[in-house]
Amino acid sequence: MTCSPRARPTIASPRLQALYAYWNKQRGGRRMPSRADFDPIDIPRLLPNLILMDVEPGTGRLKVRVAGTTVVEMYGSDYTGRYLDEIEFGDRRAAVLHDYTTCLETRQPYVSEHSFWTDREITYRIERVILPLSDDGETVSHLVSGLEFDTTG
Numbered sequence: 054m055t056c057s058p059r060a061r062p063t064i065a066s067p068r069l070q071a072l073y074a075y076w077n078k079q080r081g082g083r084r085m086p087s088r089a090d091f092d093p094i095d096i097p098r099l100l101p102n103l104i105l106m107d108v109e110p111g112t113g114r115l116k117v118r119v120a121g122t123t124v125v126e127m128y129g130s131d132y133t134g135r136y137l138d139e140i141e142f143g144d145r146r147a148a149v150l151h152d153y154t155t156c157l158e159t160r161q162p163y164v165s166e167h168s169f170w171t172d173r174e175i176t177y178r179i180e181r182v183i184l185p186l187s188d189d190g191e192t193v194s195h196l197v198s199g200l201e202f203d204t205t206g
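For the sequence shown, the numbering used here begins at 54 and goes up steadily by one.
Shown next, in the form of C-alpha cells:
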C-alpha cells in the first residue's frame, strides 16, 4: 500500500512503526528526508531489521548497500553489494521488485505483507515498510526498508 507521507500508514509492527515515525520526523516539512538526515546511530534497535539500498543514477537499479543481521539470518544470505533485480526470491520475486519499484516511482512510503518460503523450508510472513530518501529533495537516491518477520505460521 502506497501512502502519502501526510497520512500515517497502517503498520502492525511496533518496530516498523518506530522506523516510520523516525523517517517522518527527519522528513520535517519535506517530501522525504535526505540520506544525511537518516542516521543509524539514532535507531540502533532497528538496525538488525533494516536494508539500505542505493538507487543507481540513470538506471534506477537498486543496489543493497547494507542488510541488517536479522535480515541476513532470515533470508539465509547477505545481499550486500548485489542488485535487487539479480537476487533470487523464488515465486515472490515479482512482488518484491514491485514493492521497491513502487516506492521508488511514487516517492512515497510503501507498506506490504507477504508470505515467504526459504530454501531451508521455513515459511514466514514479512511485513515490510519501504521509505524513500533523497539527496536533492526530489529524486530518490536511497531506499531504506524495515522488515518484520513472523515465523509463527
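Where is the CB? At the ideal position from N, CA and C, for every residue including glycine.
What you are looking at is a predicted structure, and each value in this text was computed from that prediction instead of being measured.
Per-residue DSSP class, three states only, for I94: I94: helix per DSSP, three-state reduction.
Tell me whether H195 is buried or exposed, calling it buried when 16 or more other Cβ atoms sit within 10 Å of its Cβ. Result: buried.
Looking at C-beta atoms only, is the number of pairs between the segment 65 to 80 and the segment 90 to 110 that lie closer than 8 Å three or more? Contact between the segment 65 to 80 and the segment 90 to 110 is present: 3 or more CB-CB pairs across the two stretches fall below 8 Å.
Please report the straight-line C-alpha distance between S168 and M127, rounded to a whole angstrom. Looking at the two C-alpha atoms, the distance is approximately 13 Å.
G199 burial status per 10 Å Cβ neighbour count (16 or more: buried): With 16 or more Cβ atoms within 10 Å of its Cβ, G199 is classed as buried.
Tell me, which residues are paired with F202 by DSSP? According to the DSSP secondary-structure assignment, F202 is paired through a beta bridge with I179.
CB-CB under 6 Å to I96, same chain, minus the five flanking residues each way: which ones, in chain order? Closer than 6 Å at the Cβ level, and outside the excluded window around I96, lie Y75.
Continuous beta strand (DSSP E) stretch holding D107: start and end: According to the DSSP assignment, D107 belongs to the beta strand (DSSP E) that extends over L103 to V108.
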